[in-house]
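So the protein sequences, as listed, match chains S and C.
Counting from 85, one number per residue, gives the positions in the first sequence under the working numbering.
Counting from 85, one number per residue, gives the positions in the second sequence under the working numbering.
Even glycine gets a Cβ: it sits at the ideal position worked out from N, Cα and C.
2 protein chains.
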Amino acid sequence: MNNVTLKKLAEELKMAPSTVSRALRDSHEISQETKDRVKALAAKLDFQPNPHASSLRKNQSRTIAVIIPEIQNNFFSQVMNGVEEVARQKGYHVLIYLTHEDQKREMDILHLLRSGRVEGVMISVSNTTKSFEHLEAYRKEEIPLIFFDRVCESMEVPCITTDDTGAAFKATEHLLKAGCKKIAFLSMAGNLSISCGRKSGYIKALTKFGLSGNELVIECGPDDETNRQKIRELLQSEQRPDGIFAAVEKFAVNTYEVCKELEIKVPQQLKVISFSNLSAAALFNPPLSTIVQPAYDIGREAANILFKIIDKKKLLNTEKKVVIPSHLVIRESTIGKHYPKPSVFLKQ
Amino acid sequence: MNNVTLKKLAEELKMAPSTVSRALRDSHEISQETKDRVKALAAKLDFQPNPHASSLRKNQSRTIAVIIPEIQNNFFSQVMNGVEEVARQKGYHVLIYLTHEDQKREMDILHLLRSGRVEGVMISVSNTTKSFEHLEAYRKEEIPLIFFDRVCESMEVPCITTDDTGAAFKATEHLLKAGCKKIAFLSMAGNLSISCGRKSGYIKALTKFGLSGNELVIECGPDDETNRQKIRELLQSEQRPDGIFAAVEKFAVNTYEVCKELEIKVPQQLKVISFSNLSAAALFNPPLSTIVQPAYDIGREAANILFKIIDKKKLLNTEKKVVIPSHLVIRESTIGKHYPKPSVFLKQ
DNA sequence: AATATTTATGTAAACTGTTCCGAAATTCAT
DNA sequence: ATGAATTTCGGAACAGTTTACATAAATATT
Chain S
85 MNNVTLKKLA EELKMAPSTV SRALRDSHEI SQETKDRVKA LAAKLDFQPN
135 PHASSLRKNQ SRTIAVIIPE IQNNFFSQVM NGVEEVARQK GYHVLIYLTH
185 EDQKREMDIL HLLRSGRVEG VMISVSNTTK SFEHLEAYRK EEIPLIFFDR
235 VCESMEVPCI TTDDTGAAFK ATEHLLKAGC KKIAFLSMAG NLSISCGRKS
285 GYIKALTKFG LSGNELVIEC GPDDETNRQK IRELLQSEQR PDGIFAAVEK
335 FAVNTYEVCK ELEIKVPQQL KVISFSNLSA AALFNPPLST IVQPAYDIGR
385 EAANILFKII DKKKLLNTEK KVVIPSHLVI RESTIGKHYP KPSVFLKQ
Chain C
85 MNNVTLKKLA EELKMAPSTV SRALRDSHEI SQETKDRVKA LAAKLDFQPN
135 PHASSLRKNQ SRTIAVIIPE IQNNFFSQVM NGVEEVARQK GYHVLIYLTH
185 EDQKREMDIL HLLRSGRVEG VMISVSNTTK SFEHLEAYRK EEIPLIFFDR
235 VCESMEVPCI TTDDTGAAFK ATEHLLKAGC KKIAFLSMAG NLSISCGRKS
285 GYIKALTKFG LSGNELVIEC GPDDETNRQK IRELLQSEQR PDGIFAAVEK
335 FAVNTYEVCK ELEIKVPQQL KVISFSNLSA AALFNPPLST IVQPAYDIGR
385 EAANILFKII DKKKLLNTEK KVVIPSHLVI RESTIGKHYP KPSVFLKQ
């Protein structure tokens, strides 16, 4: 630990600590000569102000927290990338916390953060989160809070999301136009807005194509084998679908695994599309059509808005609920009669 | 911000702050009755001790930092997962910093951390890092430091790695046994131990099979298009290889992209193997043979050792240089005459 | 020249929890 | 009962930085 403190600097320079403090921060009320002397010695001794003392005094930690369900997920790691970038430019530090989709952990983490350790929190709530008291309680602490992707709409808190409903609608519509008659939706458990949004986009599209009542929703979860079992049953049942729309990447992977196992041909016998930020989706067999979320931008935008709140700037109305569009990347897994073969090399 | 402080508690209870402090930490020199009264009120008012005051006085922040080149990478995100898990159990917080493979950023970050903000640092050094003065300087601060995966061997610092040389040897040997005569190695730039280790494993295997002098090393980097261009040239050249060994996942993806573009058949015309922690590698076309690194375990182990140092426990000699083996997962991308067809469903 | 203003620096308090030292109060041993 | 030891708690210093206020000197104003 660097143990040269401001006081020692002051002693060495025969000045008051306040003078040193001000000189280092280029206060106008310090003469250039003094500033130069102070800075020279500070540089020489590699003085680093103690962040805890500073945080205590100023009541600001220059730190934010990001709470996400998991990090082994391209979406969330891209978000982290965006957040870190913005925070770094701002001179802020980023604490990372993982809930592993567990409400209890989420509550514990939020509780930990109710003490001035961070100046703001960005959270994508766990899908097992049923009640929002812990979030409400946190908001009452008046520490800036932002939701991204997995939001809690009932709360008066800025949200950065993508257009889940619209994107799901487009994905389903795409499957229908490709010739699917019976589409299963692999849904994420929980009652999050994101789950509901995607499901409702799916249902809307079915309705538009006169297939209302034909919904086929399978709830999948964190365990791969359980998911595979459910998908296996689905694909071996009487009501075997000819299209699958996976709400998250993981379920599409499970679907591919089962298809391989059961030797079901994609897209001939089954078309598959999924929300996914996996860049390698283009290399799958067959290349997987995806709805790509603007994860990096969501991270950046969320961080920018969080810092605006931290800096007590007034938010524009458009910044309270930000929706950044996702886009469809069509690849072979959904190629059908109405679509031509895509060019051989489709980026992303 | 929760503004109930220890002093206010003390005032309310008509006690001295010191008594309250001790009662909350279950000091033996406080009567049970007093402890109960203090804790009851603390719970009622949801008192959270100010972490900065505590850190300042005790000179410990209960925070560690993880510095990695990037987070959009399965290896590093799995490492983070392991680290977070251990830290959480220890009651520590985790700061994350990304260098984006840039030595300057790495230096800046390390400089930031020379001030007691964290109690320890775990780093996987950037591949553009040529000099290690910033790391040496940091070590001199006597803040616990740990290297993982991308280490700097010349320094007297604990390292947690995988057996890069051995794993690369096995991968190359596997290609050779599968019938490859000319194997190209897509190397990561820089002079890191990890690059050298993998390259030397590759060369060792060639030598063992009487192919010394036939090395074909292509340096790849962060830019996809540049990499594809290099691979394209390689695969269209006179000395076109029949096997490619990618030092990192990204380069294997680039290779697949070029193969698709040039309509080169894997594994018939070209066998491909890569270091990779991508679980979806099994779904590639064709399924990609990989060397899977024990990323989660590396993260856990590195964190455990870091905490041992923080707690000033003596390290065993075996804990100073920990090597956790990687394992080969053979899939269709390297199937050749000496290998049978793998079972249809290979996990991972 | 006398007062007002500006400039440059020092003094001391504040931020909040921890801890050293000492003082009652209680218990124990003799 | 007396002294010693133990238990329980308070007082005050302390960690390092920032800042409101004060002070002194220098400059400006009338």
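Open item on the list: With three or more C-beta pairs closer than 8 Å as the rule, is the region 239-254 of chain C touching the region 268-288 of chain C?
Closed with: By the Cβ rule, the region 268-288 of chain C counts as touching the region 239-254 of chain C, because three or more pairs are nearer than 8 Å.
Open item on the list: Taking 8 Å as the threshold (beta carbon to beta carbon), is I375(S) in contact with chain C?
Closed with: Residue numbering aside, residue 375(S) sits at position 291 when the first sequence is read from its first letter. Not one chain C Cβ lies under 8 Å of I375(S).
- [ ] Determine whether the Cβ of R201(S) lies closer than 8 Å to any Cβ atom of chain C.
- [x] For the purposes of this step, residue 201(S) is taken as residue 117 along the first sequence, with counting starting at 1. Closer than 8 Å: yes.
Open item on the list: Along the region 113-142 of chain C, where does the CB come closer than 8 Å to a CB of chain S? Name the residues.
Closed with: Under the 8 Å Cβ criterion, the region 113-142 of chain C contributes D130, Q132, P133, N134, P135, H136, A137, S139 and L140.
Task: Cβ pair count under 8 Å reaching 3, the region 166-173 of chain S against the region 104-114 of chain S - done: Taking one beta carbon from each stretch, the region 166-173 of chain S and the region 104-114 of chain S have fewer than 3 pairs nearer than 8 Å; the two do not touch.
Task: G104(S), enclosing beta strand (DSSP E) - first and last residue - done: For the purposes of this step, residue 104(S) is taken as residue 20 along the first sequence, with counting starting at 1. For the record, residue 104(S) in the displayed sequence is Val; it is not Gly. Where V104(S) is concerned, there is no enclosing beta strand (DSSP E), although the alpha helix (DSSP H) it sits in stretches over P101 to L108.
TODO: Measure from the C-beta of E168(C) to each C-beta in chain S and report whether the shortest distance is under 8 Å.
DONE: Position 84 of the second sequence holds residue 168(C). Proximity of E168(C) to chain S, defined by a Cβ-Cβ separation below 8 Å, is satisfied.
Open item on the list: Among Q187(C), I148(C) and P371(C), whose alpha-carbon lies nearest the alpha-carbon of R201(C)?
Closed with: As a first step, residue 201(C) is located in the second sequence; it is residue number 117 there, counting from the start. R201(C) has its Cα closest to that of I148(C), out of Q187(C), I148(C) and P371(C).
Task: Top-ranked residue by Cα proximity to E225(C), from N211(C), S208(C) and S199(C) - done: Numbered from 1 along the second sequence, position 141 holds the residue referred to as residue 225(C). Proximity to E225(C) across N211(C), S208(C) and S199(C) peaks at S199(C), based on C-alpha coordinates.
Task: Neighbour flag for V178(C) against chain S, beta carbons, 8 Å - done: Against the second sequence, residue 178(C) aligns to sequence position 94. Closer than 8 Å to some Cβ of chain S, the Cβ of V178(C) qualifies, so yes.
Open item on the list: Suppose contacts are defined by Cβ-Cβ distances below 8 Å. Is Q162(S) in contact with N361(S) by that definition?
Closed with: Counting from 1 along the first sequence, the entry for residue 162(S) is found at position 78. Counting from 1 along the first sequence, the entry for residue 361(S) is found at position 277. For the pair Q162(S) and N361(S), the CB atoms are nearer than the 8 Å cut-off.
TODO: Check each candidate in H177(C), I302(C) and T103(C) and name the one with the smallest Cα separation from A331(C).
DONE: The count along the second sequence starts at 1 and reaches residue 331(C) at position 247. Nearest of H177(C), I302(C) and T103(C) to A331(C), Cα basis: I302(C).
Task: Those runs of the alpha helix (DSSP H) which lie wholly inside the region 254-323 of chain C and span at least 4 residues - done: Segments of the alpha helix (DSSP H) lying fully in the region 254-323 of chain C: 277-292 and 308-320.
- [ ] Please decide whether S145(C) counts as near chain S, where near means a Cβ-Cβ distance under 8 Å.
- [x] Translated into the one-based positions of the second sequence, residue 145(C) becomes position 61. Yes, S145(C) lies at the interface with chain S (some Cβ there is under 8 Å from its Cβ).
Open item on the list: Is there a C-beta anywhere in chain S that falls below 8 Å from the one on A229(C)?
Closed with: Here residue 229(C) refers to the residue found at position 145 when the second sequence is read from its first residue. For the sequence presented, residue 229(C) should be read as Leu rather than Ala. Judged by the 8 Å Cβ criterion, L229(C) is not in contact with chain S.
TODO: Since I believe M239(S) is in contact with E220(S) (beta carbons under 8 Å), could you give me their beta-carbon distance rounded to a whole number of angstroms?
DONE: As a working mapping, residue 220(S) is identified with position 136 in the first sequence. As a working mapping, residue 239(S) is identified with position 155 in the first sequence. Right, their Cβ atoms sit about 7 Å apart.
TODO: Closer than 8 Å by beta-carbon distance: list the chain S residues that pair up with N32(C), in chain order.
DONE: Any question about residue 32(C) goes unanswered here, given that chain C covers just 85 to 432.
TODO: May I ask you to verify whether the region 334-344 of chain S touches the region 375-387 of chain S, counting CB pairs closer than 8 Å and requiring at least 3?
DONE: No, the region 334-344 of chain S does not touch the region 375-387 of chain S.
Open item on the list: Can you tell me whether E333(C) is buried or exposed? The criterion is at least 16 other CB atoms within 10 Å of its CB, across all chains shown.
Closed with: Here the question's residue 333(C) lines up with position 249 in the second sequence. Buried, since its Cβ has 16 or more Cβ neighbours within 10 Å.
Task: N- and C-terminal bounds of the beta strand (DSSP E) containing T245(C) - done: Translated into positions along the second sequence, residue 245(C) becomes position 161. Under the DSSP assignment, T245(C) falls in the beta strand (DSSP E) whose first and last residues are C243 to T245.
Task: Residues of the region 216-240 of chain C with Cβ closer than 9 Å to any Cβ of chain S, in chain order - done: Of all residues in the region 216-240 of chain C, only A221, E225, E226 and I227 place a beta-carbon less than 9 Å from a beta-carbon of chain S.
Open item on the list: The beta strand (DSSP E) that contains H177(C), what's its start and end?
Closed with: Position 93 of the second sequence holds residue 177(C). Segment H177 to L182, the beta strand (DSSP E) holding H177(C).
Task: When P101(C), F253(C), Q116(C) and G263(C) are compared against G420(C), the one with the closest alpha-carbon - done: As a position in the second sequence, residue 420(C) is number 336, starting the count at 1. Considering only alpha carbons, the answer is G263(C).
Open item on the list: Assuming the contact rule is C-beta atoms closer than 8 Å, A386(S) and I244(S) should be a hit. Round their C-beta distance to whole Å, please.
Closed with: Taking the first sequence and counting its residues from 1, the one referred to as residue 386(S) is at position 302. Taking the first sequence and counting its residues from 1, the one referred to as residue 244(S) is at position 160. About 4 Å; that satisfies the 8 Å criterion.
Task: Cβ separation of L354(S) and D326(S), assumed to be a contact under 8 Å, to the nearest whole Å - done: Taking the first residue of the first sequence as 1, we reach residue 354(S) at position 270. Taking the first residue of the first sequence as 1, we reach residue 326(S) at position 242. That belief holds up - the Cβ atoms of L354(S) and D326(S) are roughly 6 Å apart, short of 8 Å.
Open item on the list: Under 8 Å, Cβ to Cβ, is there at least one residue of chain C near I328(S)?
Closed with: Mapped onto the first sequence, residue 328(S) falls at position 244. Closer than 8 Å: no.
Open item on the list: Checking the sheet assignment: what are the DSSP bridge partners for I148(S)?
Closed with: Taking the first sequence and counting its residues from 1, the one referred to as residue 148(S) is at position 64. For I148(S), which the question treats as bridged, DSSP gives the partners V178(S) and G204(S).
- [ ] For M45(C), I'd like the list of residues in its chain whose CB is within less than 8 Å of its CB, leaving aside the five on either flank, ordered along the chain.
- [x] In the structure displayed, chain C extends from 85 to 432; residue 45(C) sits before or after that span and is not available.
Task: Supposed close pair N329(C), L259(C) - CB separation, criterion 8 Å - done: Stepping through the second sequence from its first residue, residue 329(C) is reached at position 245. Stepping through the second sequence from its first residue, residue 259(C) is reached at position 175. In the sequence on display, residue 329(C) carries Phe and not Asn. Contact flag correct, Cβ pair sits at about 6 Å.
- [ ] Say whether chain C places a C-beta atom closer than 8 Å to the C-beta of Q162(S).
- [x] If you number the first sequence from 1, residue 162(S) lands on position 78. When Cβ-Cβ separations below 8 Å define contact, Q162(S) makes contact with chain C.
Open item on the list: Quick check: what's the CA-CA separation for G294(C) versus A255(C)?
Closed with: Taking the first residue of the second sequence as position 1, residue 294(C) is located at position 210. Taking the first residue of the second sequence as position 1, residue 255(C) is located at position 171. Between the alpha carbons of G294(C) and A255(C) lies a gap of roughly 16 Å.
Open item on the list: For G327(C), list the residues DSSP reports as bridge partners.
Closed with: Within the second sequence, residue 327(C) is the residue found at index 243, counting from 1. Answer is I267(C) and K355(C).
Open item on the list: Cβ closer than 7 Å: which chain C residues qualify as neighbours of P101(S)?
Closed with: As a first step, residue 101(S) must be located in the first sequence, where it is residue number 17. Within 7 Å Cβ-Cβ: nothing; P101(S) doesn't reach chain C, min ~15 Å.
Task: F160(S) in three-state terms, based on DSSP - done: Counting from 1 along the first sequence, the entry for residue 160(S) is found at position 76. The answer is helix: DSSP assigns F160(S) an H, G or I state.
Open item on the list: So the candidates are G383(C), L400(C), L372(C) and E95(C); which of them puts its Cα closest to the Cα of S417(C)?
Closed with: As a first step, residue 417(C) must be located in the second sequence, where it is residue number 333. Answer by Cα proximity: L372(C).
Open item on the list: Just verifying my parser: in three-state terms, what is the DSSP assignment at K344(S)?
Closed with: By 1-based counting over the first sequence, the position of residue 344(S) is 260. Secondary structure of K344(S) (DSSP, three-state): helix.
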